[in-house]
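Here's the structure we're looking at; comments come further down.
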Amino acid sequence: MTHQNTPTEGVALTAIGVALIRERESRRPDRLYDDPLATAFVDAARRDFTRTEAGAAKWARVEALAEQFFAGRSVGVRLVDDRVTEAVAAGCRQIVLLGAGLDTRAFRMGLPADVTVYELDLPELFAFKEPVLRAVRAAPTARRHVLPIDLRTAWAVPLRERGFRSDLPTHWVDEGALPYLPPEDHLRTVATLTTLSVPGSRFGLSRFAVDSDAPPYAELRRLVSGDDAPMPPLEAGRPGQQWLVEHGWHVRFRTWDDEIVPLGRDVAVHDPKVGVVLAERV
Ligand SMILES: C[S@@+](CC[C@H](N)C(=O)[O-])C[C@H]1O[C@@H](n2cnc3c(N)ncnc32)[C@H](O)[C@@H]1O
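Quick note on this note's numbering: the sequence shown kicks off at 1 and runs consecutively.
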C-alpha cells in the first residue's frame with residue numbers, strides 16, 4: 001500500500017503525532033483504549049516520510065515529539081472517550097468532532113448504528129485518512145460523515161447539508177484543534193456550535209495552562225510551520241467558562257488530577273486550574 005498524500009507539513013501534521021500516541025497506547029497491556037487503525041495511519045505516514053533523507057529526519061522529530069506528549073495526551077484521549085460514552089448514554093445521537101484528525105471513534109468504540117459522527121477537518125487531512133481507511137476496509141459501527149472543510153469558514157452550512165439537525169442534542173468534541181484557530185475564528189466556532197445546540201447538547205473541552213514557549217510546544221510550532229516561520233501561540237482565543245455561562249451553557253469543571261484518579265496513570269499536574277470543562281446546554 002503506498003500513499004502520496006501524507007501531510008508532511010502544516011497543521012494537519014499534528015494529527016499524525018496524535019495517531020502515534022494512540023498507536024503506542026494500543027500496544028500496552030494496560031491500555032486505556034484500543035485503536036488498531038492508528039497502526040495503519042502510522043505505517044502509511046512512516047512509509048511516505050522515510051522516502052527521502054530529509055523526510056526521515058522530520059519523521060524522527062515527529063516521533064520524538066509524540067513521545068514527549070504521550071503520557072498526558074494519551075490519558076486525554078481516554079477522558080474524551082468517556083465523555084462520548086456518557087453523552088450517547090444520555091441520549092445524544094449526533095457527535096461532532098471539530099478538527100477530527102485521525103480519530104477513529106466511529107470505528108473503535110462500538111457506538112450504536114443510530115449515532116451519527118460528523119468529522120470536520122481540513123481537506124488535506126482527509127486526502128490522507130480516507131485512502132488508508134479504504135485500504136484496510138475499515139467499517140464504522142456508527143454512521144459517519146466526513147466534512148473536508150476549514151473551520152475558519154462558515155462550516156455550519158456544509159454540516160447541515162450532510163444531514164446535521166440542530167433540533168437534536170449533539171455532543172461537540174474539541175480535542176486539541178480549536179487552539180490552532182486564530183482567536184476570532186475560535187470564538188466564532190464556539191458561538192456557531194452554541195446556536196446549533198438544543199438543550200441536552202454537550203460540549204467537552206480541556207483547559208490547560210499551555211506555555212507556548214516551553215520546549216515541546218516550541219518544537220510543535222516549528223514542525224507545523226517550518227523552522228523559520230513560527231506559528232502564533234496556542235490557546236489565545238479560547239472562550240472562558242464565563243462566556244459559556246453567559247451564552248446558555250451549564251458549566252462543570254473538574255480538575256485534571258481528579259479526572260485521572262480512576263485511570264491509574266502517574267500524570268498528575270498538581271495545578272487546580274488545569275482540568276476538563278463539560279458544558280451542557282440548558
Ligand atoms: C492536534 S490535531 C488533533 C486531532 C484530533 N482531534 C485528535 O485528537 O487526534 C489538530 C487537528 O486540527 C485540525 N485543524 C487545525 N486547523 C484547522 C482548521 N482551520 N480547520 C479544520 N481543521 C483544522 C488539524 O488538521 C488536525 O487534524
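Built from N, CA and C at the ideal position, the CB exists for glycine as well.
First and last residue of the uninterrupted beta strand (DSSP E) at residue i
{"i": "Arg252", "result": "249 to 255"}
{"i": "Pro148", "result": "143 to 148"}
{"i": "Asp174", "result": "170 to 174"}
{"i": "Val276", "result": "275 to 281"}
Nearest residue (CA-CA) to residue i, options the options
{"i": "Trp249", "options": "Asp271, Tyr33, Ala268, Ala191", "result": "Ala191"}
{"i": "Gly110", "options": "Val77, Arg24, Ala142", "result": "Ala142"}
{"i": "Ala177", "options": "Pro148, His171, His186, Ala139", "result": "His186"}
{"i": "Gly99", "options": "Trp172, Thr50, Val261", "result": "Trp172"}
{"i": "Lys272", "options": "Arg265, Ser206, Ala56", "result": "The amino acid occupying residue 272 in the given sequence is Pro; Lys does not appear at that position. The shortest Cα separation from Pro272 among Arg265, Ser206, Ala56 belongs to Ser206."}
{"i": "Ala87", "options": "Val117, Glu259, Arg202, Leu147", "result": "Arg202"}
{"i": "Val18", "options": "Leu97, Ala57, Leu65", "result": "Leu65"}
{"i": "Val11", "options": "Leu125, Arg51, Gly163", "result": "Leu125"}
{"i": "Thr195", "options": "His247, Arg162, Leu181, Asp150", "result": "His247"}
{"i": "Ser74", "options": "Val96, Arg27, Trp155", "result": "Arg27"}
{"i": "Lys58", "options": "Leu147, Val146, Gly226", "result": "Gly226"}
{"i": "Ala54", "options": "Arg78, Leu223, Thr255", "result": "Leu223"}
{"i": "Tyr118", "options": "Pro131, Thr104, Val42", "result": "Thr104"}
{"i": "Phe128", "options": "Val198, Phe164, Asp48", "result": "Asp48"}
{"i": "Trp155", "options": "Leu97, Ala106, Pro199, Glu130", "result": "Leu97"}
{"i": "Lys80", "options": "Pro112, Val277, Val282", "result": "Checking the sequence, you will find Val at residue 80 rather than Lys. For the residues Pro112, Val277, Val282, the minimum Cα distance to Val80 belongs to Val277."}
{"i": "Val84", "options": "Val115, Val62, Gln68", "result": "Val115"}
{"i": "Phe69", "options": "Pro148, Ala218, Pro131", "result": "Ala218"}
Residue i burial status per 10 Å Cβ neighbour count (16 or more: buried)
{"i": "Val245", "result": "exposed"}
{"i": "Pro7", "result": "buried"}
{"i": "Met1", "result": "Caution is warranted here: a pLDDT of 46 is assigned to Met1, below 50, making its placement in the model unreliable, and the coordinate value is therefore given only provisionally. Classification of Met1: exposed, given that the 10 Å Cβ count is below 16."}
{"i": "Gln242", "result": "exposed"}
{"i": "Gly204", "result": "buried"}
{"i": "Pro262", "result": "exposed"}
{"i": "Pro179", "result": "buried"}
{"i": "Gly240", "result": "exposed"}
{"i": "Asp121", "result": "buried"}
{"i": "Pro169", "result": "buried"}
{"i": "Thr14", "result": "buried"}
{"i": "Gly91", "result": "exposed"}
{"i": "Thr189", "result": "buried"}
{"i": "Asp30", "result": "exposed"}
{"i": "Arg51", "result": "exposed"}
{"i": "Gly275", "result": "buried"}
{"i": "Glu161", "result": "exposed"}
{"i": "Val42", "result": "buried"}
{"i": "Gly76", "result": "buried"}
{"i": "Gly264", "result": "exposed"}
{"i": "Glu184", "result": "exposed"}
DSSP three-state assignment for residue i, whether helix, strand or coil
{"i": "Ser26", "result": "helix"}
{"i": "Thr6", "result": "coil"}
{"i": "Phe41", "result": "helix"}
{"i": "Met1", "result": "Bear in mind that a pLDDT of 46 at Met1, under 50, signals an unreliable position, so the number given afterwards is only what the model happens to contain. Coil at Met1, not helix or strand."}
{"i": "Gly204", "result": "strand"}
{"i": "Gly264", "result": "coil"}
{"i": "Gly55", "result": "helix"}
{"i": "Asp258", "result": "helix"}
{"i": "Val11", "result": "coil"}
{"i": "Val77", "result": "helix"}
{"i": "Asp34", "result": "coil"}
{"i": "Ala71", "result": "helix"}
{"i": "Arg83", "result": "helix"}
{"i": "Leu20", "result": "helix"}
{"i": "Ala64", "result": "helix"}
{"i": "Asp167", "result": "coil"}
Start-to-end residues for the alpha helix (DSSP H) that takes in residue i
{"i": "Arg221", "result": "215 to 225"}
{"i": "Val157", "result": "156 to 161"}
{"i": "His270", "result": "No alpha helix (DSSP H) contains His270, which DSSP labels as neither H nor E."}
{"i": "Val190", "result": "183 to 195"}
{"i": "Val245", "result": "241 to 246"}
Residue-level contact to chain D via CB, residue i, 8 Å cutoff
{"i": "Ala64", "result": "Any reference to chain D falls outside this structure, which holds one protein chain only."}
Ranges of the beta strand (DSSP E) found wholly within the segment 87 to 152, counting only runs of at least 3
94 to 98, 116 to 121, 143 to 148
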